[in-house]
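Heads up: the sequence shown begins at 2 in the working numbering, then just goes up one per residue.
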Amino acid sequence: MSPTIFPKREYRSDIDGIRALAVLSVLIFHINPSLLPGGFLGVDVFFVISGYLITNIIFQENHLGTFSFLHFYVR
């Protein structure tokens with residue numbers, strides 16, 4: 002059985018920046034909630050971004066015909 006070759010994914014610095022801001026907001030909220038009262042929303046933002054990235058990977062692999070539930074869950 003030959004190994005599956007996956008296409009190289011494009012790095013998205015804009016999404017990385019938003020994720021960093023989400024993590025930073027949660028950290029600030031944990032250190033001092035009065036500095037950033039809505040900092041806990043960073044968790045929601047982080048999960049939404051993660052869902053977008055995972056869905057994008059699934060769509061790309063499905064379009065190329067390389068998507069496999071087994072490989073997805075093993076990864």
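Heads up, the beta-carbon is just placed ideally off N, CA and C, and yes, glycines get one too.
- As the crow flies, the alpha-carbon of Gly-18 is around 14 Å from that of Val-27.
- Taking C-alpha positions only, Ser-51 is separated from Ala-21 by approximately 12 Å.
- Taking the C-beta atoms as reference points, Gly-39 is found no nearer than 8 Å to Ile-29.
- For Leu-36, the secondary structure class from DSSP, reduced to helix, strand or coil, is coil.
- Around Pro-34, the same chain offers Gly-40 as residues with beta carbons nearer than 8 Å, after the five sequence neighbours per side are excluded.
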